[in-house]
Ligand code: ARG
């Protein structure tokens, strides 16, 4: 039963106001003491020309209570509705039972395509914890959209283009033999990059050689392309180690270089729009009338393209290739201006508004380790892979005396889960100090805690040995405080996912699974699940089953696996 609808129908009958609008006003009170649903009467004060508390009083007297609506109360201009508890349980259980393992999923996205661009590290450079954050947020968004029925495509816009690769090629030519780059590619390439940069600063002629090499690379010179490919392949091997640990995969790895031969069209279209102007020899699009002071540079005075040009080429390519409804860019807030600029310039490419409206920068705050910010230029970076391995090994240590068969696998699931959860626990725009020890606190609001409670639901079900049919359940057995609270949270799952999707905010799901896990823990402590009363036992087992699926699906949306045992 849809309680909101029933309430709205009642109010609408009396006031003769639109049912749907009324339904939209109905709230779920934070405090259980104010009923299960509340109607804020001030919403009607203007239309009915009466004070909210009078409206509340009148409606209360006019609406009849019944088997389902136990009690109605007028309080402070609100109308509070108390639904018969067993009805709430029945509704929630039936809704769950219709979906079971896929509970929470929906088809609201059917027929729509969403591109999620995330991770996008730079080849030959370290994959830093900022890249870890986009990878984790992006992967979660990918899962969320997919679960809601969208056709979802994951894109990795690799940073594989630019003068730095020419510099690296020059470095490789000079000292390739000294550095065994196959052995430890990113570190070696970073070292080479630092060294060639220093040399360029000392010696102008080296910088000039690098510029020429870049030109050669752009023109498809065989040797340069070969070395560049080698850098790219070696980098990808390293990145894929991280992706494998995280369980992340992409539908496309088309990086910036992929768009290098697709930029002429951007320039042509912008010229056609009349928006491309000359400024000190460069071609730019002025955006002052859009409230953006800095013009967007499209082509530098020396004729070379820039980062923004490749992004515009990517937008064009994606409209043609994917016919998308949304294209999300999960990129750090440092690039806010860049995305503002290219989204405005994209409007001059002559593409359908549907596409430009669908472009969205999913910004996230700065992340650093407690030791201080790392810099790849100075070379004092910590490898993300090492951080993940450290987390896994710490979990192994914590669990060393536990009787678990596949300890390595479990340590990986928990160690990685901890890092992922920590990255998603707060709203993405907040700055964060990433503290591994906090992430691994099994009793805190962490990934391992939620995993642990999920494992508990599994072991309860294992012990029970069966999942009852909902026709054997007496819904009244789940009306005590801790059970009904758990039921209500589970009932809210789909709404939470849709909210997370609208806000592109996985933290909403992270906070939800914490609530859910805590609520299961209370339920578990306050109720004996295996009892002598069969219908009570059935009800509690079934609620445990509901909690297990909801926790598992919630964790999956975050990108976190559930171990068999912990
Ligand atoms: N490679 C860039 C970086 O590491 C991020 C790329 C973001 N995506 C984009 N379409 N510009 O900072």
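In the working numbering, the protein residues as written are 1487 to 2052. Built from N, CA and C at the ideal position, the CB exists for glycine as well.
Between the ligand ARG and residue 1606, a heavy atom-to-CB distance of less than 7 angstroms is present. Less than 8 angstroms divides the Cβ of residue 1909 from the Cβ of residue 1619. According to DSSP, residue pairing for residue 1555 in a beta bridge involves 1569.
Taking C-beta atoms under 8 angstroms as the contact rule, residue 1536 and residue 1565 fail to qualify, at a distance of about 13 angstroms. In the DSSP annotation of this structure, the continuous segment of the beta strand (DSSP E) that includes residue 1816 starts and ends at 1812–1818. Spanning the alpha carbons of residue 1596 and residue 1673 requires a straight line of approximately 44 angstroms.
By DSSP's assignment, residue 1560 forms a beta bridge with 1565. Closest in alpha carbon position to residue 1806, among 1780, 1790, 1791, 1836, is 1836. Look at residue 1591 here: in three-state DSSP terms it is coil, with no helix or strand label. Fully contained in the region 1844–1924 are the following alpha helix (DSSP H) runs of length 4 or more, in chain order: 1870–1884, 1893–1910.
When the five nearest sequence neighbours on each side are left out, the beta carbons in the same chain lying within less than 6 angstroms of the beta carbon of residue 1548 are those of 1500, in order along the chain. The alpha carbon of residue 1487 has as its nearest neighbour, out of 1681, 1504, 1516, 1553, the alpha carbon of 1553. Of 1715, 1647, 1578, the smallest CA-CA separation from residue 1971 is found for 1578. The count of Cβ pairs closer than 8 angstroms, one atom from the region 1635–1642 and one from the region 1728–1737, reaches three, so the stretches are in contact.
For residue 1673, the uninterrupted alpha helix (DSSP H) segment begins and ends at 1671–1688. Residue 1796 is classed as buried because its beta carbon has at least 16 other beta carbons within 10 Å across all chains shown. Counting of Cβ neighbours within 10 angstroms places residue 1542 among the buried residues, the total reaching 16 or more. Just measuring C-alpha positions, the residue of 1568, 1557, 1632 sitting nearest residue 1593 is 1632. Relative to the ligand ARG, even the nearest heavy atom lies 7 angstroms or more away from the CB of residue 1734.
Beta-bridge partners assigned by DSSP to residue 1645: 1608.
Not one heavy atom of the ligand ARG sits closer than 7 angstroms to the Cβ of residue 1624.
When 1609, 1918, 1581, 1886 are compared, the shortest CA-CA separation from residue 1716 is found for 1609. Each residue's CA atom was taken as its position, placing residue 2007 and residue 1928 some 14 angstroms apart. Considered as a whole, the region 1780–1834 harbours 1793–1808, 1822–1832 as its complete alpha helix (DSSP H) runs of no fewer than 4 residues, in chain order. With contact defined as three or more Cβ pairs closer than 8 angstroms, the region 1768–1775 and the region 1784–1803 are in contact. When C-alpha distances from residue 1778 are compared across 1602, 1830, 1525, 1557, the shortest belongs to 1830. In the DSSP assignment, residue 1769 falls within the beta strand (DSSP E) that extends over 1768–1771. Of the candidates 2014, 2051, 1939, 1812, 1939 places its Cα closest to the Cα of residue 2033. Residue pairing for residue 2049: DSSP places it in no beta bridge.
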